[in-house]
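Residue numbers (UniProt numbering): 1 to 228.
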């Protein structure tokens with residue numbers, strides 16, 4: 001019998017686990033499912049999520065939000081490292097846009113149903129969902145309560161959507177907190193594989209690319225030598 005093709009954008013659970021470890025290196029080191037390296041691979045994780053989006057529009061909102069928030073944090077770290085004041089406003093807008101997309105993906109009633117379907121749930125969540133039926137399904141705060149999203153996330157979403165942008169340090173703290181929430185509510189439940197197989201594939205391809213580049217350089221050098 002033919003296997004049913006996977007609807008997931010990742011090649012297998014090992015690839016998803018590899019991306020998990022790249023985004024959450026500190027946590028992955030304590031995870032029994034993880035095989036980790038010492039490099040900061042967050043940019044590779046963002047690149048991998050971008051590849052997934054080219055393959056399908058069904059990339060989970062948790063993956064997209066993790067990539068957006070992490071990208072903003074990386075730009076913030078670069079800004080603080082270089083001390084470039086000209087990038088402050090750009091980083092501020094990056095944070096605001098990433099946070100807006102993150103909250104909307106999970107609590108906007110028109111887009112959140114698919115995003116929240118794969119979140120970890122508890123009895124408290126189910127009780128909360130029954131309670132909010134009486135306060136109005138249209139409320140973002142009601143949807144946030146149903147998935148145990150902190151109300152301060154919705155507060156900040158409303159603030160930035162009206163053009164009231166906090167300082168970048170405040171936005172950085174919010175992004176860090178959002179990544180923790182995403183870990184607890186999505187990554188820890190959905191990315192439970194072993195990253196070892198995917199990491200071996202990644203390292204093999206990386207080595208092949210390096211060898212191809214070296215070979216091309218040698219060919220170019222020989223051509224230049226003959227021509228001269």
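The C-beta atom is built at its ideal place from N, Cα and C for all residues, glycine as well.
- In the DSSP assignment, residue 24 falls outside any alpha helix (DSSP H) and carries neither an H nor an E.
- In this structure, 27 is the residue among 8, 27, 15 with its C-alpha nearest to the C-alpha of residue 179.
- Excluding five sequence positions before and after residue 9, the CB atoms of its chain that fall closer than 6 Å to its own CB belong to 52, 55, 56, 59, given in chain order.
- Under the Cβ criterion (8 Å, minimum of three pairs), the stretch 15-26 counts as touching the stretch 188-196.
- Residue burial annotation: residue 97 is exposed, with fewer than 16 other C-beta atoms found within 10 angstroms of its C-beta.
- With contact defined as three or more Cβ pairs closer than 8 Å, the stretch 164-174 and the stretch 86-97 are in contact.
- Close CB contacts of residue 107 within its chain, under the 6 Å cut and outside five residues either way in sequence, are with 140, 143, 144 (chain order).
- Looking at the backbone, the Cα of residue 204 and that of residue 146 are separated by about 44 Å.
- Residue 78 sits exposed, since fewer than 16 C-beta atoms from the chains shown fall within 10 Å of its C-beta.
- Taking 8 Å as the upper bound for CB-CB distance, residue 70 and residue 46 are in contact here, some 6 Å apart.
- Of all alpha-carbon atoms in 62, 25, 50, the one lying nearest the alpha-carbon of residue 39 is that of 25.
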